[in-house]
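A.B. asks:
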Amino acid sequence: MELEKQEGSRGEKRESGQAEELIELEGEEAAEMDRETALELDEKTADIIKLQFSDLCGRLKSVEIPGRAEPGWERLEAVEAEAVTGETEERPELGEGRKRGSKRREMVFLKPEWDTWLPMSWETGTGDAARVICQVTDREGSPMWSDSREVLKRELLRQERRGRTFQFAFGCEFFLFHTDEEGRATTVTHETAGYCDGGTIDLAESVRRDMLLGLEEAGIQVEYVTHGCAPGQHVFRLKARRGVQAADELLAFRAIIRRTAKSHGLHASFMPKPLNGFGGSGLEIEVLPELIQKSRGEEKERKALCLEAAERLRQSLGEMALLTNPLVNSYRRLAALREEGADREDFVRSSETGLQFFLADSSVNPYLALAAVLAAGFGEQEERTKIQKDIKRQELPSTLGEAVSVFSESAGMRKLLGERLFSFYAEMKIKEWKRHISWVSDWELREYLSRY
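Reminder that position 264 of the sequence shown reads as 1042 in my numbering, one-by-one numbering, no gaps.
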């Protein structure tokens, strides 16, 4: 299960189409902190260390190792590649189980980035556990094609070469539901509260308070929290963070929210649209560019950059949708927004300092979503389409199947992800769509069973 770390710098192997996009290794030293340096960050030890990573679906995964097992600190931890690609989920209700032994299992390796060390006191109540986010690599230590975090790091490096860096802030919606006698999630809520309601009508004030305390212990800064528009819905606004750290914090935020809800006998759902008759849960992404080369006209230049980026994003909503709205259920949420009169102008807004992107689901993979927003909105100057009022914009997909079709024709998304990840992701979503259209829903049974 382990592989000894290799010494020195290595050139990264990339597909020929991305040779110019190699990530230099000179900056790796900052992420290669040894155990002592990591522990000094908080002057605490940990009995258990969780090596965390995200799968392609944006779900947080982890491997636990003893914090005081000395040999483990000089090695990479090996896991099956399916844990990263998101293919490990068993679906017994669909007759789909995991078929071990049917083919040789590909292994990937978790390489800790020690500057992400974080004591998990919100989980244990003590400092006896900590998390470290890992880079997913191959046996030689080079980044794997399936590591979505690496996609964002690569795009941020491209942007830095163009003279700009980015901060991101999030407004995240989710629902709190009751669980049944066996602790399984339901869609039951006893609330009747609406947007910004408080006091006795808001039954979850104490839960949100505990969530805030847990986030504070994790170092995640919150601007405000409030009740959402629907019964049982809540909104947290997170302060801006730079680059990859923003996406890392969003994953930690969702984990803390779920764990706190569970401690109250509730289930926190980031599903795009869990209820009929009410709107769903979205993720507002605020993008705040900063120009590396300072000048007197910096504010004017940044405003112009954001105006153009907003228009380019409006033109690219269709090809991006599979990354910002990747589930069958995502398009239930978008359908509800359309019924309320929302159009693409409402999904992207610009300001003097940045832009706001409202299309994404709150359950999205933040690494892929942020990378897509940057690539589509802030691409290279020579690649930019001339902005004209009469340009025919892409129609926003109405189903996951349509989203796959539009995505599959996108040269921009292909370049962003790389050929192998692009093809794999599209095929994974095609399979998900085919499962959906072959499944008999409760609505169909209610509508047709007794009539035909």
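Even for Gly, the Cβ is constructed at its ideal location relative to N, Cα and C. This structure is a prediction, so every number in the text was calculated from the model and none was measured.
Going by the DSSP bridge assignment, what does Arg909 pair with across the sheet?
C.D. replies: According to DSSP, which records beta bridges pairwise, Arg909 is partnered with Lys828, Leu896.
A.B. asks: Going by DSSP in three states, Leu1227 sits in which element: helix, strand or coil?
C.D. replies: Leu1227 falls in the coil class under three-state DSSP.
A.B. asks: When the Cα of Ser1073 is compared with those of Glu1117, Gly941, Ala1033, which residue comes out closest?
C.D. replies: That would be Gly941, whose Cα lies nearest to the Cα of Ser1073.
A.B. asks: Out of Tyr1002, Phe1156, Gly1196, point me to the one whose CA is closest to Leu934's CA.
C.D. replies: Among Tyr1002, Phe1156, Gly1196, the Cα nearest to that of Leu934 belongs to Phe1156.
A.B. asks: For Val1142, list the residues DSSP reports as bridge partners.
C.D. replies: DSSP lists no partner for Val1142.
A.B. asks: Got a sec? Which residues, its chain only, sit under 7 Å from Gly1119 by beta carbon, not counting five neighbours each side?
C.D. replies: Closer than 7 Å at Cβ, skipping near neighbours: no residue.
A.B. asks: If you drop the 5 nearest sequence neighbours on each side, which residues of the same chain put their C-beta closer than 6 Å to that of Arg986?
C.D. replies: Result list for Arg986: Val1003, in chain order.
A.B. asks: Using C-beta distances below 7 Å, list every residue in its chain close to Thr964, excluding the 5 sequence neighbours before and after it, in chain order.
C.D. replies: Closer than 7 Å at Cβ, skipping near neighbours: Phe955, His956, Thr957, Asp958.
A.B. asks: Have a look at the DSSP bridge pairing and note the partners of Cys950.
C.D. replies: According to DSSP, Cys950 bridges with Phe1014, Leu1061.
A.B. asks: Can you give me the C-alpha to C-alpha distance between Leu1115 and Leu1101, rounded to a whole angstrom?
C.D. replies: Going from the Cα of Leu1115 to the Cα of Leu1101 covers about 18 Å.
A.B. asks: How long is the line joining the alpha carbons of Arg927 and Tyr1145, rounded to whole angstroms?
C.D. replies: So the alpha carbons of these two residues sit roughly 5 Å apart.
A.B. asks: Does the separation of the CB atoms of Glu1068 and Thr943 fall below 8 Å?
C.D. replies: Contact flag set, yes.
A.B. asks: Where does Ser1201 land, buried or exposed, given buried means 16+ other C-beta within 10 angstroms?
C.D. replies: With fewer than 16 Cβ atoms within 10 Å of its Cβ, Ser1201 is classed as exposed.
A.B. asks: What does the Cβ neighbour count give for Ala1241, buried or exposed, with the cut at 16 atoms within 10 Å?
C.D. replies: Residue 1241 falls outside the range modelled here, since the chain spans only 779 to 1230, and no answer is possible.
A.B. asks: Just checking my contact of Phe1136 with Gly1060 at CB under 8 Å: how many whole Å lie between their CB atoms?
C.D. replies: Contact holds; Cβ gap of about 6 Å.
A.B. asks: For Ala1046, which of Asp1124, Arg1036, Ala982 has the nearest alpha-carbon?
C.D. replies: It is Arg1036 whose Cα lies nearest to the Cα of Ala1046.
A.B. asks: Can you give me the C-alpha to C-alpha distance between Asp925 and Lys931, rounded to a whole angstrom?
C.D. replies: So the alpha carbons of these two residues sit roughly 10 Å apart.
A.B. asks: Taking the C-alpha atoms as reference points, what is the distance between Gly1021 and Lys1078?
C.D. replies: Cα-Cα distance, rounded: 23 Å.
A.B. asks: Give the range of the alpha helix (DSSP H) segment to which Glu1027 is assigned.
C.D. replies: Here the alpha helix (DSSP H) through Glu1027 covers 1022–1041.
A.B. asks: Rounded to whole angstroms, how far is the Cβ of Gly1010 from the Cβ of Phe953, which I believe are closer than 8 Å?
C.D. replies: That belief holds up - the Cβ atoms of Gly1010 and Phe953 are roughly 5 Å apart, short of 8 Å.
A.B. asks: Could you tell me if Asp1232 is buried or exposed, where buried requires 16 or more neighbouring beta carbons within 10 angstroms of its beta carbon?
C.D. replies: With the chain covering 779 to 1230 only, the question about residue 1232 has no answer from this structure.
A.B. asks: Note down the Cα distance separating Arg1015 from Val1151, rounded to an integer number of angstroms.
C.D. replies: Straight-line Cα distance between these residues: approximately 19 Å.
A.B. asks: How many Å lie between Val862 and Asn1054 at the Cα?
C.D. replies: Answer to the nearest angstrom: the Cα atoms are 32 Å apart.
A.B. asks: Which word fits Gly1006, buried or exposed, when buried means at least 16 other C-beta atoms lie within 10 angstroms of its C-beta?
C.D. replies: So Gly1006 counts as buried.
A.B. asks: Can you tell me whether Glu1064 is buried or exposed, with buried defined as 16 or more other CB within 10 angstroms of its CB?
C.D. replies: With 16 or more Cβ atoms within 10 Å of its Cβ, Glu1064 is classed as buried.
A.B. asks: Buried or exposed for Ile1070, please, with buried defined as at least 16 other CB atoms from any protein chain shown within 10 angstroms of its CB.
C.D. replies: Answer is exposed; the Cβ neighbour count stays below 16.
A.B. asks: In the DSSP assignment, find the unbroken beta strand (DSSP E) run with Met989 in it and report its ends.
C.D. replies: Note, Met989: premise wrong, no beta strand (DSSP E); alpha helix (DSSP H) at 983–995.
A.B. asks: Please state the DSSP three-state secondary structure of Val1218.
C.D. replies: Coil.
A.B. asks: Can you determine whether any heavy atom of the ligand NAP sits closer than 7 Å to the C-beta of Ser1059, and answer yes or no?
C.D. replies: The ligand NAP is not part of this structure, which contains no ligands at all.
A.B. asks: I'd like the list of long-range same chain contacts for Glu1027, defined as Cβ closer than 6 Å, with 5 residues on each side in sequence excluded.
C.D. replies: Cβ neighbours of Glu1027 beyond the five flanking positions: Ile998, Arg1019.
A.B. asks: To the nearest angstrom, how far is it from the Cα of Gly1075 to the Cα of Asp833?
C.D. replies: Their backbone Cα atoms lie some 42 Å apart in a straight line.
A.B. asks: Alpha carbon to alpha carbon, how far is Glu804 from Arg1080?
C.D. replies: Since pLDDT at Glu804 reaches only 40, below the 50 mark, its modelled position is unreliable, and no value is offered.
A.B. asks: My assumption, with CB atoms under 8 Å, is that Glu983 sits in contact with Gly972. Please give the rounded CB distance.
C.D. replies: With a Cβ gap of about 14 Å, Glu983 and Gly972 do not count as contacting.
A.B. asks: Tell whether a beta-carbon distance below 8 Å holds between Leu1112 and Leu1174.
C.D. replies: Result yes, Cβ atoms of Leu1112 and Leu1174 sit closer than 8 Å.
A.B. asks: Alpha carbons only, please: which of Arg1122, Leu1178, Thr1177, Pro1104 is nearest the one belonging to Val1142?
C.D. replies: Taking only the C-alpha atoms, the option nearest Val1142 is Pro1104.
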